[in-house]
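Peer 1: Protein chains in written order, with the UniProt record's numbering: chain A, 1 to 415; chain B, 1 to 415.
2 protein chains.
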Amino acid sequence: MQAEIITIGDEILIGQIVDSNSAFIAKELNQIGVSVYQITSVQDDREHITNALQEAGERSSVIIVTGGLGPTKDDVTKETLCNFFGDTLVQDQAVLEHIEELFKKYITTPISDLNRRQALVPSKATVLHNAFGTAPGLWMKKGDVSYFFLPGVPYEMKNLITSSVLPKIMETYERPYIVHKTLLTYGMGESAIAEKIESWENSLPRHIKLAYLPNLGRVRLRLSSKGVDREALLASVEAEAKKLYPIIGDIIYGEEEDGTIESQIGKFLTQKQMTLATAESFTGGRIAEQITTVPGASNYFKGSVVSYATETKIKVLGVPEALVEQHSVVSEEVAMAMAENVRNLLGTDFAVSTTGNAGPTKGDSDADVGTVYIGISTPRGTTAHKFAMGNHRERVVKKSVSKAFELLYKEILNF
Amino acid sequence: MQAEIITIGDEILIGQIVDSNSAFIAKELNQIGVSVYQITSVQDDREHITNALQEAGERSSVIIVTGGLGPTKDDVTKETLCNFFGDTLVQDQAVLEHIEELFKKYITTPISDLNRRQALVPSKATVLHNAFGTAPGLWMKKGDVSYFFLPGVPYEMKNLITSSVLPKIMETYERPYIVHKTLLTYGMGESAIAEKIESWENSLPRHIKLAYLPNLGRVRLRLSSKGVDREALLASVEAEAKKLYPIIGDIIYGEEEDGTIESQIGKFLTQKQMTLATAESFTGGRIAEQITTVPGASNYFKGSVVSYATETKIKVLGVPEALVEQHSVVSEEVAMAMAENVRNLLGTDFAVSTTGNAGPTKGDSDADVGTVYIGISTPRGTTAHKFAMGNHRERVVKKSVSKAFELLYKEILNF
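#1: Residues of the region 204–224 of chain B in Cβ contact with chain A at a cutoff of 9 Å, in chain order, please.
#2: Using DSSP bridges, identify the partner residues of B:Trp-139.
#3: Can you tell me which of B:Met-274, B:Asp-366 and B:Val-329 puts its alpha carbon nearest to the alpha carbon of B:Leu-346?
#4: List the residues of chain B whose Cβ lies closer than 8 Å to the Cβ of A:Val-305, in chain order.
#5: Tell me, please, whether the CB atom of A:Gly-70 is closer than 9 Å to any CB atom in chain B?
#6: Counting Cβ pairs closer than 8 Å, one from the region 147–157 of chain B and one from the region 16–25 of chain B, do we hit at least three?
#7: Hey, could you find the ends of the beta strand (DSSP E) A:Gln-91 is sitting in?
#8: Out of A:Asp-364, A:Leu-81, A:Pro-246 and A:Asn-30, state which residue places its alpha-carbon closest to the alpha-carbon of A:Lys-142.
#9: Against chain B, which members of the region 141–154 of chain A pass a CB distance test of less than 7 Å?
#10: Straight-line CA distance for A:Val-294 to A:Tyr-106?
#11: Consider the Cβ of A:Gln-43: report whether some Cβ of chain B lies at a distance smaller than 9 Å.
#12: Taking B:Arg-395 as the query, report the chain A residues whose CB atoms sit under 7 Å from its CB, ordered along the chain.
#13: Which bits of chain B does A:Arg-380 rub up against, with CB to CB less than 8 Å?
#14: Name the residues in the region 337–359 of chain B whose C-beta lies less than 8 Å from a C-beta of chain A; which are they?
#15: To the nearest angstrom, report how far apart A:Pro-320 and A:Ile-314 are at their CA atoms.
#16: From A:Gly-363 to A:Asn-357, what distance separates their C-alpha atoms?
#17: Among the residues of its own chain, which have a CB less than 8 Å from the CB of B:Lys-242, if the five just before and after it don't count?
#18: Which one of B:Ala-131, B:Ile-178, B:Pro-110 and B:Met-140 has the shortest CA to CA distance from B:Lys-124?
#19: Bridge partners for A:Asp-19 per DSSP, in chain order?
#20: Are the Cβ atoms of B:Tyr-147 and B:Ile-251 separated by less than 9 Å?
#21: Can you check whether the CB of B:Tyr-409 is closer than 9 Å to the CB of B:Gly-254?
#22: From what residue to what residue does the alpha helix (DSSP H) around B:Tyr-308 run?
#23: Grab the span of the beta strand (DSSP E) containing A:Glu-256 for me, first residue to last.
#24: Can you check DSSP and say which residues form a bridge with A:Phe-387?
#25: Around the C-beta of B:Arg-343, are 16 or more other C-beta atoms found within 10 angstroms, so that it is buried, or is it exposed?
#26: Could you name each continuous beta strand (DSSP E) segment of 3 residues or more that falls completely within the region 188–276 of chain A, going from the start of the chain to the end?
#27: So which residues on chain B does A:Glu-195 lean against when the C-beta distance must stay under 8 Å?
#28: Since residue 417 of chain B is in the alpha helix (DSSP H), which residue starts that stretch and which ends it?
#29: Classify B:Met-389 as buried or exposed, calling it buried when 16 or more other Cβ atoms lie within 10 Å of its own Cβ.
#30: Relative to chain A, which residues along the region 18–39 of chain B have a C-beta separation below 8 Å, given in chain order?
#31: Check whether the region 215–231 of chain B and the region 180–188 of chain B are in contact - that is, three or more C-beta pairs closer than 8 Å.
#32: Taking DSSP's pairing of strands, which residues face A:Ile-8 in a bridge?
#33: If you check the beta carbons only, do A:Ile-208 and A:Phe-24 fall under 9 Å apart?
#34: How about B:Thr-260 and B:Tyr-300: are their beta carbons less than 9 Å apart?
#35: Nearest-angstrom Cα distance between B:Gln-118 and A:Tyr-186?
#36: In the structure shown, what three-state DSSP assignment does B:Ser-377 receive?
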């Protein structure tokens, strides 16, 4: 059983926004054993929408459509739906009351006819309650094909997916399980890895697929399998992944399904009741920000000093001016001083620091563009590591943030 | 003349990554007057790819395809291409030398046959030089339809788009201009705005389209027009947008095409030779990070103290413990102290602070979940503003970051 996702909206097609809704929906569907055959982004246009609905219905059994539902003139979807399904609009009393309730509670401007019209729904639709907004979700069928129509606003769509759409799919369709295991590697290119694991790959059982996913200097290896016995699938994928450790264990960094690296670090620190701070220069607070995406970060993260300017390193972090003059601000010595000092200043067990030259120009230091030092301070001492991260500013920053998390992760595992 | 984008890759269809390549390509195409009719994400599968290429070619004149080009077993694209175009693979000497050069210079593992095979290209293809990677881009034609095949790795794809694909499209096809003007508004919902501007909207000339784009409590109003005379288009869109200021000027916040708010702030501070710092609690460094995305931020941004823990506010920012005890850490008083103190500590002209309760639990303070204070400190004094940002943690953070930039922007305009 396969599904498709259709996103309606001109703003995607002019590149004004990135379509993140599809990734969310696809991930959720996968988790209940539904594979996504295709994702299509179409214009807010009757004909285009109708063609897309038609074609998708010929290929797949579940079609999830987002966007095109809203109170203003650029939303032509409902009439297009009535045409497609041979239906007419009727007023849904529960939806109308919900809209009026939302306006009374949260919205200062008075309710208008435009808003009330959002309570009009195709008569054959099953209405899906949108707790966070005025546009109801709709479930309609054409033969055996289910179409779900959802608003495009991300948090409204996500709520409808988890509270209504997934349960209805699970009630209505038989589904196999889909499992993935993704190994994170770094330090070796795609084809070098492929050569090393060639015989292992050639002996993979037929029901397990391998995909190579390279990005920013690291390669993810994704094993996937689909079937009816979830335990057996997980066991077989797990078994095959294990076989890779003797072959390329030195470059395996972690497993994606265990959670993001920052959440793994967070789990570890929470268990050990240890704390963390960062002192960041060119990474501008990205490491701190990523740490704080984990719920419960306040259990172990005390804060950060983003010492973007050299003088801030000296004034706030207490890095000796002489040290900067002697070794330059992009140096092992300064990275170590930053890490150690923020650790003492904020009173934490661990600290990470970054100082480097992200480019495009050399700035305050003599170091080549792309030269970066990452410092790690722990109860056992402080070290710093040098890297050459290339000459593309945004990538230098991203790679350095990833590397900082890697080094911190490896370090704290020793405690 | 319209284009389509096809992205090849199972990782998009399982929701493991968000497709940001399409947004980039669509935006670039729009800027040279090419509208994107549809974006389709398909599996790494011969039949699926072939069908997608066929269908797209029946609808549009330029098809840009990303993904599916790489040295390992999961890339079936080149053979699929040969089938589709009735062609055979030949070795391209320049590509082979480029691959060998890249290995010699940058890659520590020795070159393999898998890599050398990346120099095999369809004989009828025009090869597009991929300076940043081993997979060459390919340009092939079927009748009047141009197909561009590019690697999926974002920085390789982006470089190929700007250095090869766009110039070739501009040389080959007549294109009209597409212009947009997007007004940023806040404080009023979509339908309330629609009612206020109804007569203005009804009198829009036929060649100008309006779209309402609501997100996170603010609505963007996008005017778009397409035609052959760029000056005239810009003038007419500009004129229509100007008419909105007397009607809803109090909620218009800025214009998207002027650049992001952080870049506008940066431009202003650079001109005035004034500086900025942030003191962030629950926003975790996001404001600092967003500031540093602007090239040249080091001209005006001195740094940040991410005082995530209450004790860090006291210890590093010098917020009096008595103040915290008296008013609670989520308070106007603490927000003002944070802003003023970081301003003095880092020696800047301006500072922004955030303290609040993002949820899900109340944490260190009595304040309701979603209660947030944003402080702004300037040479003329310090103020703080209270907001109720809802009860969804991620959204509270995002809305607060946006609001902080808004308040800072409005404030610095007075200098």
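Glycine is no exception: its CB is placed at the ideal position from the N, C-alpha and C atoms.
Peer 2: Put simply:
#1: Lys-209, Leu-210, Ala-211, Tyr-212, Leu-213, Pro-214, Asn-215, Leu-216, Arg-220, Arg-222 and Ser-224
#2: Looking at the DSSP assignment, B:Trp-139 forms a beta bridge with B:Thr-126 and B:Phe-148.
#3: B:Met-274
#4: In chain order: Gly-303, Ser-304, Val-305, Val-306 and Val-316.
#5: Taking Cβ atoms only, chain B reaches closer than 9 Å to A:Gly-70, which makes this a yes.
#6: With a cut-off of 8 Å, the region 16–25 of chain B and the region 147–157 of chain B count as touching, because enough Cβ pairs lie within range.
#7: 89–91
#8: A:Leu-81
#9: Val-153
#10: A straight-line Cα-Cα distance of about 29 Å links A:Val-294 and A:Tyr-106.
#11: At least one chain B Cβ lies under 9 Å of A:Gln-43.
#12: Tyr-155
#13: Neighbours of A:Arg-380 on chain B: none; closest Cβ ~23 Å, over 8 Å.
#14: Leu-345, Leu-346 and Gly-347
#15: 6 Å
#16: Computed Cα separation, rounded: 7 Å.
#17: none
#18: B:Met-140
#19: B:Asp-19
#20: no
#21: yes
#22: Note, B:Tyr-308: premise wrong, no alpha helix (DSSP H); not H, not E.
#23: Counting along the chain, A:Glu-256 falls outside any beta strand (DSSP E), and DSSP gives it neither H nor E.
#24: According to DSSP, A:Phe-387 bridges with A:Val-372.
#25: buried
#26: 208–215, 218–227 and 252–255
#27: Ser-112 and Leu-114
#28: Here chain B covers residues 1 to 415 and nothing more, so residue 417 of chain B does not appear.
#29: Buried.
#30: Val-18, Asp-19, Ser-20, Ser-22, Ala-23, Phe-24, Ile-25, Ala-26, Lys-27, Glu-28, Leu-29, Asn-30, Ser-35, Val-36, Tyr-37, Gln-38 and Ile-39
#31: yes
#32: A:Val-42
#33: Cβ distance not < 9 Å, so A:Ile-208 and A:Phe-24 don't count as in contact.
#34: Pairing B:Thr-260 with B:Tyr-300 gives a Cβ-Cβ distance that is not under 9 Å.
#35: 22 Å
#36: strand
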